[in-house]
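Comments concern the structure below.
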Amino acid sequence: MKRLNFLFVELLLASTMMFACDSVKTGNPDEQIELALKYIKEDSTNVDKGIGLLTDLANDGNANAQYLLGKVFTTGDYVEPNFRKAIKYWQQSANQGNAEAQLNLAHCYCYGLGIDEDPQKAFDLYKQAAEKDNPEAQFCLGEYYYYNLDMDFPQRTNIAVDWYSKAAKQGYAKAQYRLGYVYEGDFFYAHYDNLVASLYESAAKQGLAEAQYSLGKCLFLGKGVEKDTKKAIYYYKLAADKGVAGAQYDLGACFLRGDAIEQNYEKAKYWLIEADKRGYRHAASLLGDCFYYGYKDVESAKYWYQKAAAEKDRHAIDMLNKISD
């Protein structure tokens, strides 16, 4: 009886395995893709099996599998990066209208990744994906028009704003920031301060460093939003920690002068040096002030003033004349 029970269990397991294999071969493509991704991402011993399953689906013409297989070959997380293979699958997927594949293929043509640069092909693919409401493609298309010097400024700005707006409405942080940047800086869009601050806030909440810095400036000046210097310092710090030179400079300046925060020469020096490392032009001049007025170290102050004066910083030049008198 035990032997019969054992045989029954073996047969049951075998039939279960056969059923599982058959379901992989004949099941819903979306379920097969989900299984393939589970193999690749969650079980290092089954990466090849997952890639094999995606490859079978891709070779059968599944556009999503073709796109995902292209991603697998570019991330380097699971297999050696191979942009040529990725481009092959993305091209197949893009030909079927897959917006994500069109976007990634556009990036390849734009930056020469695994293929010769071709700005026209990149533009065409960005446009195809953008017209399918892909927010990143819409943003990229906006960037193309905004920086297209072959068009007159009002025309290219208006077209860029249209594409930025489409992406921003979908919550794409870079587009929200860029739209705020355009509204803030271009005279066409005067009196948009409230909208500018709102766009910066939306992008800042998603962690975009440039937007966090810009929102900090709005808060510090009370531009388009109620003035709140403490909150401004909070956003300066977020952006400064992510390497935004302007935020590092403004944070250093606040510590140096005691603006909205307790004066602290050590912290001022730290942030101003970080800004200077990143090429922020006026950081050296304020570092001169930090050493001259804060540390009473004239020689160190002269070093920084001289560095700033070489960049024709007026304040640094005046301070050098003052020290020399």
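Just so you know, we're using numbering that gives the first Met the number 0 here: the sequence shown kicks off at 0 and counts up by one. The beta-carbon is built from N, C-alpha and C at its ideal position, and this holds for glycine as well.
Beta carbon of residue i nearer than 9 Å to that of residue j
{"i": "S213", "j": "G179", "result": "yes"}
{"i": "G206", "j": "A239", "result": "no"}
{"i": "L102", "j": "E135", "result": "yes"}
{"i": "G141", "j": "V160", "result": "yes"}
{"i": "A98", "j": "Q127", "result": "yes"}
{"i": "A202", "j": "A196", "result": "no"}
{"i": "Q65", "j": "A100", "result": "yes"}
{"i": "A208", "j": "G242", "result": "yes"}
{"i": "D400", "j": "G223", "result": "The question about residue 400 has no answer, for the chain in this structure spans 0 to 324."}
{"i": "A174", "j": "Y182", "result": "no"}
{"i": "V297", "j": "I322", "result": "yes"}
{"i": "K226", "j": "L218", "result": "yes"}
{"i": "A246", "j": "L285", "result": "no"}
{"i": "G96", "j": "K131", "result": "yes"}
{"i": "L198", "j": "A167", "result": "yes"}
{"i": "A57", "j": "Y88", "result": "yes"}
{"i": "A93", "j": "L52", "result": "no"}
Residue i burial status per 10 Å Cβ neighbour count (16 or more: buried)
{"i": "A62", "result": "buried"}
{"i": "S43", "result": "exposed"}
{"i": "M318", "result": "buried"}
{"i": "D21", "result": "Its pLDDT being 43, under 50, D21 is placed unreliably by the model, and nothing is read from it."}
{"i": "D115", "result": "exposed"}
{"i": "K165", "result": "buried"}
{"i": "N325", "result": "It is not possible to answer for residue 325, since the shown part of the chain is limited to 0 through 324."}
{"i": "R177", "result": "buried"}
{"i": "G328", "result": "Since the displayed the chain opens at 0 and closes at 324, residue 328 lies outside it and no answer follows."}
{"i": "Y146", "result": "exposed"}
{"i": "N133", "result": "buried"}
{"i": "D335", "result": "Since the first residue shown for the chain is 0 and the last is 324, residue 335 is missing from the structure and cannot be characterised."}
{"i": "D312", "result": "buried"}
{"i": "K204", "result": "exposed"}
{"i": "L148", "result": "exposed"}
{"i": "L220", "result": "exposed"}
{"i": "Y292", "result": "exposed"}
{"i": "Y294", "result": "exposed"}
{"i": "K216", "result": "buried"}
Cβ shell of residue i (< 6 Å), same chain only, five flanking positions each side left out
{"i": "A121", "result": "A105, Y108 and C109"}
{"i": "A244", "result": "A274, R277 and Y279"}
{"i": "D249", "result": "Y235"}
{"i": "Y144", "result": "R155, I158 and A159"}
{"i": "Q91", "result": "Q65"}
Close Cβ partners of residue i (< 7 Å) along its chain, the five nearest in sequence each way excluded
{"i": "F254", "result": "I260, Q262, N263, K266, A267 and W270"}
{"i": "I316", "result": "A308"}
{"i": "T54", "result": "L68"}
{"i": "E200", "result": "L214"}
{"i": "K84", "result": "F72"}
{"i": "A35", "result": "G49, L52 and L53"}
Residues of its chain near residue i, where Cβ-Cβ distance is below 8 Å and the 5 sequence neighbours each way are ignored
{"i": "V78", "result": "V46, I50, V71 and F72"}
{"i": "K301", "result": "G287, L319 and I322"}
{"i": "E310", "result": "R280 and A283"}
{"i": "F82", "result": "F72, T73, C107, L112, G113 and I114"}
{"i": "Q305", "result": "A315 and L319"}
4-residue-minimum alpha helix (DSSP H) runs that sit fully inside the region 37-117, ordered along the chain: 46-58, 62-74, 82-94 and 98-110
Residue ranges of each alpha helix (DSSP H) run of no fewer than 4 residues wholly in the region 145-193, ordered along the chain? 152-168 and 172-184
Completely contained alpha helix (DSSP H) runs for the region 195-264, where each covers 4 or more residues: 208-220, 228-240 and 244-256
Uninterrupted beta strand (DSSP E) stretches inside the region 295-319 (no shorter than 3 residues): none
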